[in-house]
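With the working numbering, letter number 14 in the sequence shown gets 393, and the count goes up by one each step, no holes.
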Amino acid sequence: MLYWIDMFFAIIGAGAILFALAFVSSVIGGLVNGMVALMSGPIIDGIIAKRSARR
């Protein structure tokens with residue numbers, strides 16, 4: 380009986396670790412994408428301003 384309880388908690392622990400890894404990876408990916416979007420904003424604004432000034 381103790382074997383099945385140990386196996387149950389091991390499965391829950393492994394699932395929790397996998398979920399935590401996926402969650403942290405998605406959060407880091409979101410932060411990196413946000414930083415890229417914030418840093419490239421002024422560059423894109425400058426390009427759009429130059430194109431609209433030509434017209």
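For every residue, glycine included, the Cβ atom is placed at its ideal position computed from N, Cα and C. The structure displayed is predicted, hence computed values, not measured ones.
Is residue i helix, strand or coil when you go by DSSP?
i: Met386; result: helix
i: Gly418; result: According to the sequence shown, residue 418 is Met rather than Gly. Helix at Met418.
Roughly how many whole angstroms lie between the Cα atoms of residue i and residue j?
i: Gly433; j: Val415; result: It should be pointed out that residue 433 corresponds to Arg in this sequence rather than to Gly. For Arg433 and Val415, the distance between alpha carbons rounds to 27 Å.
i: Phe387; j: Leu381; result: 10 Å
i: Ile391; j: Ser404; result: 20 Å
i: Ser431; j: Leu410; result: 31 Å
i: Ala399; j: Val406; result: 10 Å
i: Gly420; j: Trp383; result: 55 Å
i: Ala428; j: Ile422; result: 10 Å
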